[in-house]
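Numbering (our numbering), first residue to last: 240 to 340. What follows is one structure encoded as structure tokens, with my remarks underneath.
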């Protein structure tokens with residue numbers, strides 16, 4: 240009775256270890272020493288490795304956005320140049336008409 244009460248208070252991991260049912264392997268190398276080096280850790284190396292793909296995509300998207308903005312700016316400039324040219328032609332015509340009158 241005392242034996243069962245004493246071992247019922249143990250956590251399930253302890254029971255699994257006691258009865259030889261624990262199959263998890265212990266951490267090795269740096270993972271055994273520093274939990275930040277384990278999977279999904281917060282050390283700089285792991286973060287950079289994990290987020291590399293997303294950072295590349297973000298950079299590519301920003302470059303495409305800049306290119307699109309430049310193209311739109313060039314189009315707007317060309318349109319305004321065309322508008323300016325048409326205005327000056329109209330202005331010259333008006334000036335000639337006033338001279339002739």
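Ideal placement from N, C-alpha and C gives every residue a C-beta, glycine not left out.
Asked	Found
The alpha helix (DSSP H) that contains residue 271, what's its start and end?	269 to 272
Scan the stretch 261 to 300 and note each continuous alpha helix (DSSP H) run of 4 residues or more that stays entirely inside, going in chain order.	269 to 272
So residue 257 is in the alpha helix (DSSP H); what residue range does that whole segment cover?	251 to 257
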